[in-house]
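For the protein sequence lines, the chains are A and B, in the order given.
Each number in the numbering used here corresponds to the 1-based position in the first sequence with 72 added.
Each number in the numbering used here corresponds to the 1-based position in the second sequence with 584 added.
Report on the structure given below.
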Amino acid sequence: MRIGSAKQSYAADAALFDSRTQWAWVAVLAASLLAFPFVANEYWLYLACLVAINIASTTGLNLLTGYTGLVSLGQSAFMGLGAYTVAILQIRYGTPMLLNLLAGGVVAMLAGVVVGVPSLRVKGLYLAIATIAAGVIAHFVFSHFADLTGGSAGLSVPPAQVLGVVLDSSFKLYWVIVPITALLLIGAANLFRTRIGRAFIAIRDRDISAEVLGIPLLRYKLLSFAISSFYAGVAGGLFAYFFRAITPESFPLIMSIFFVGGMGTMLGSVLGAVFMTLVPEVLKLIVGWLPLGDSAMLVLSPVRTIVFGLMIVLFLIFEPHGLAEVWRRIRRLFHLWPFRT
Amino acid sequence: MTMKKRTFMAATAATLASLSSPLLAQAQKKAAKGGPAEDIVFGASMPMTGVFAFAGIAIDAGIKDYLSILNESGGVEGRKVKYVPEDTAYKVDQSMAAFKKITSQNKVNLYYADSTGFCKAVNPELERHGGILMTGASFAKEISNAQKYPHQFMVGPDYSEMVAILLQYIAKTKPGAKVALVYSDTEFGRDPVEAFRTDTQKLGLKIATEIVTPPGSVDVSAEVIKLRRADPDYAIFHGYISAPIPEFINQARGVGMKTQFMGTFWTMDNSTVMRMGPNADGFMGVMPYRYYYDTEGKSPMLEKIRKMRPEYQATGYMQGFLAAMLLTEAARRTLAAGNELNGKNMKIALSSIRNFDTGGIIGVPLSIKGNSIPIGRVYKADFKQQKMVPASDWINLTQ
């Protein structure tokens with residue numbers, strides 16, 4: 073049983089991991105991520121990359137909605153902007169991958185600042201509706217500026233190259249996508265150890281009080297939009313390199329991911345992305361194992377979709393704080409065992 | 585939260601975590617190794633759920649039926665064809681996951697793709713893999729570019745060619761007619777717009793108007809007014825399955841318009857057209873295949889299908905059936921020539937097909953040159969008979 077960890081300095085209080093056990097688990101996770109490509113087949117590597125891209129995008133959205141309390145439905149538009157920027161740079165100029173990703177993030181960030189302006193006047197549902205406009209405008213631009221975006225047919229992206237290695241398989245892309253996502257996650261987690269992150273949380277909890285405390289709402293709300301869109305832009309760029317074909321319809325709404333994972337926690341972004349990406353695949357595996365013969369797919373595919381939807385609804389009903397809270401409860405159970413929480 | 589809820593949530597999370605372990609991959613690999621090595625594997629990213637499920641279910645049935653006929657008659661050069669489909673819910677990421685899963689567990693040579701987005705996304709992967717020939721549900725013009733998509737082809741005309749077939753029919757039936765194009769604001773809808781503009785000019789037809797609508801829009805009264813003002817002789821719908829076509833036609837008929845309405849392949853299933861109600865009578869469109877109930881001419885395959893499945897089979901079924909037929913024919917020709925079964929050789933074999941008899945699935949013998957098969961026929965709805973009946977002869981754009 074672990075009864076607590078005494079924190080004797082501010083640094084210890086602000087530390088991301090507060091015990092040796094946690095560091096040990098982080099080391100295990102890092103080792104597993106390093107070993108994964110060597111034990112997994114192409115299918116699982118594909119899913120790992122997809123999960124990582126979704127984590128990057130969801131983390132951005134979580135920064136904005138989960139931490140700052142600004143509801144946005146424009147995340148997919150920013151992903152699209154990042155993807156198109158990366159694709160155009162790669163096709164036309166063949167600039168290095170990391171530079172393209174950075175440019176994708178910056179373009180999305182600038183658009184995010186513009187879209188974030190209404191957040192100074194409107195909140196909640198009204199802001200959500202205002203941000204939908206970003207999606208509509210982005211879709212229009214992607215479909216109609218055909219000289220640049222390839223119009224409705226979209227763009228085919230050549231494979232990226234890093235240090236002369238052509239990144240044309242999930243195995244190779246894994247070594248770029250997962251570290252970038254890890255960096256983005258670490259960056260986001262550290263953000264909340266700074267004044268900026270705490271200002272975001274203060275705005276979420278009560279924006280008027282935050283302003284009274286000396287937090288300039290204009291600057292911080294736009295900053296939140298900017299960082300969130302940057303994350304989406306980079307995720308979109310990774311998406312472009314991963315799928316190597318983008319069209320105006322490649323970027324659907326991704327709202328539900330972090331609701332399931334848990335708003336306002338880094339773990340929520342990760343677990344939400346893992347859940348939403350892997351559960352349909354896991355359900356397919358389960359259906360495949362059932363001894364129902366050739367007609368199993370025909371009969372059980374709709375059932376599987378219903379089960380997936382039902383699982384999301386059940387999580388929202390029984391655990392509105394998401395999978396992150398479930399995880400915390402499991403940890404607490406082990407910490408306090410044999411006592412009950 | 586009660587203990588019960590907690591236990592439920594913890595158990596669910598733990599189960600999911602354990603199930604998603606990569607160890608599963610190893611188990612699957614082992615299972616795959618147990619299968620007979622000589623089988624030709626036919627993979628499919630099939631939309632059994634989602635917005636395109638109506639087609640996916642029919643296509644799946646068509647592929648299964650053809651492969652069962654083929655396997656019963658000895659397979660491809662003595663090798664059985666094993667069909668491995670995966671549901672995709674018509675989502676590109678899931679289609680890609682299905683592709684990765686199927687190809688990592690089987691030595692796949694033939695593949696069916698469910699969407700244009702997936703055909704594009706998987707193209708670099710196909711080139712890297714090298715061993716697969718693919719076709720699918722997409723009729724996008726871009727996929728018909730054989731240089732860009734060397735390991736793919738489509739089982740019929742692309743969308744621009746479908747519109748061209750309709751325009752040829754119009755030009756022949758009513759020279760100089762005024763034609764309108766009504767399309768959805770999607771990649772699917774916009775596909776034939778350019779070709780429509782150039783082909784109408786080439787054939788001496790006049791463009792009455794072009795109307796673009798949101799996909800699946802319900803209220804089309806403003807668009808109907810625009811169409812009424814343009815007063816076209818023909819209006820071609822593209823980029824829809826059904827809605828808003830019935831609403832469009834009902835409103836147009838309500839204001840006394842005499843325009844002849846037309847559709848492209850995915851609108852042309854018998855049940856889709858007849859669901860429009862009495863106003864469907866006379867609705868025309870292009871079909872690359874014969875309908876299930878067509879008895880005209882000699883069509884042994886259609887007879888076989890009717891024997892296997894006494895109830896009506898949708899047009900998607902015919903598409904899946906023919907897709908399986910052409911993919912396996914390419915494999916057969918490759919093996920018969922003593923070549924390795926890979927994407928390049930199978931594409932060469934496919935392109936060697938001349939005057940191929942589909943057993944009546946297409947009413948004329950087909951020859952394959954590029955990535956599309958630009959053959960189709962105009963059918964017309966007979967609401968009294970509840971059937972689509974031929975309105976033209978087979979139109980081959982290569983002739």
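The beta carbon of each residue, even a glycine, is placed where N, CA and C say it ideally should be.
Residue-level contact check: Lys685/B touches chain A, since one or more beta carbons of chain A fall below 8 Å from its beta carbon.
Under the 8 Å Cβ criterion, the stretch 853-868 of chain B does not count as touching the stretch 669-678 of chain B, having fewer than three qualifying pairs. Contact between Tyr877/B and Tyr896/B holds: CB atoms are separated by about 7 Å, below the 8 Å threshold. Excluding sequence positions up to five before and after Thr912/B, its CB lies within less than 8 Å of the CB of Ile624, Phe626, Tyr650, Leu651, Leu654, Val660, Val665 and Leu694, all in the same chain and listed in chain order. Among the residues of the stretch 217-245 of chain A, those with a Cβ less than 8 Å away from any Cβ of chain B are Gly223, Ser224, Ala225, Gly226, Ser228, Pro231, Asp240, Ser241 and Ser242, in the order of the chain. Judged by DSSP in its simplified three-state form, Tyr733/B adopts coil rather than helix or strand. Residue pairing by DSSP puts Ile820/B in a beta bridge opposite Leu765/B and Met846/B.
Along the stretch 372-397 of chain A, going in chain order, the ones with a CB nearer than 7 Å to a CB of chain B are Ser373, Pro374, Thr377, Phe390, Glu391 and Leu395. Taking 7 Å as the Cβ-Cβ cut-off, the stretch 100-126 of chain A approaches chain B at Phe108, Val111, Ala112, Asn113, Glu114, Tyr115, Trp116, Tyr118, Leu119 and Leu122, given in chain order.
By alpha-carbon distance to Asp85/A, the top candidate from Ser296/A, Ser242/A, Phe264/A and Phe323/A is Phe264/A. Think of a sphere of 9 Å around the beta carbon of Arg316/A: the chain B residues whose beta carbon falls inside it are Lys704, Ala705, Asn707, Pro708 and Glu709, in chain order.
Taking 8 Å as the threshold, the shortest C-beta distance from Ala681/B to chain A falls below it. Annotation: Val375/A to Ala705/B spans about 28 Å, alpha carbon to alpha carbon.
Using beta-carbon distances, Pro352/A counts as an interface residue toward chain B, with a partner under 8 Å. Unbroken alpha helix (DSSP H) stretches of 4 residues or longer found wholly inside the stretch 149-222 of chain A: 169-188, 196-216 and 218-221, given in chain order. Ile825/B has its alpha-carbon roughly 58 Å from the corresponding atom of Leu408/A.
Boundaries of the alpha helix (DSSP H) around Leu105/A: Arg92 to Val111.
Take Ile957/B, set aside five residues on each side of it, and the residues of its chain with a beta-carbon closer than 6 Å to its own are Gly740 and Leu950, in chain order.
At least one CB of chain B lies nearer than 8 Å to the CB of Ser322/A. Residues of the stretch 653-679 of chain B that bring their beta carbon within less than 9 Å of a beta carbon in chain A comprise Tyr667, Pro669, Glu670, Asp671, Ala673, Lys675, Val676, Asp677 and Gln678, in sequence order. Beta-bridge partners assigned by DSSP to Pro363/A: none are found. Contact of Arg712/B with chain A by beta-carbon distance below 8 Å involves Asp240 and Ser241. The distance from the Cβ of Leu255/A to that of Val248/A is about 11 Å, inconsistent with a contact at the 8 Å cut-off. Taking one beta carbon from each stretch, the stretch 114-134 of chain A and the stretch 336-356 of chain A have 3 or more pairs nearer than 8 Å; the two touch. By the beta-carbon neighbour count (other beta carbons within 10 angstroms, threshold 16), Trp399/A is buried. Listed in chain order, the non-local C-beta contacts of Gly207/A below 7 Å within the same chain comprise Leu145, Gly146, Ser148 and Ala149, local neighbours out to five positions each way being set aside. Residue state for Glu778/B is assigned as helix, using DSSP reduced to three classes.
When DSSP states are grouped into helix, strand and coil, Met852/B belongs to the coil group. Across the structure, Leu290/A and Gln233/A are spaced so that their CA atoms are roughly 40 Å apart. If you keep only unbroken alpha helix (DSSP H) runs of at least 4 residues inside the stretch 269-329 of chain A, you get 279-284 and 289-315. By the CB criterion at 8 Å, Lys931/B and Pro734/B fall inside the cutoff. For Leu981/B, the secondary structure class from DSSP, reduced to helix, strand or coil, is coil.
Distances from the alpha-carbon of Phe214/A to those of Ala103/A, Ser322/A, Trp97/A and Asp90/A put Ser322/A closest. Among the residues of chain A, none has a CB under 9 Å from the CB of Thr982/B; the nearest is roughly 23 Å distant.
The C-alpha of Met383/A is placed about 59 Å away from the C-alpha of Pro759/B. The C-alpha of Thr942/B is placed about 46 Å away from the C-alpha of Phe110/A.
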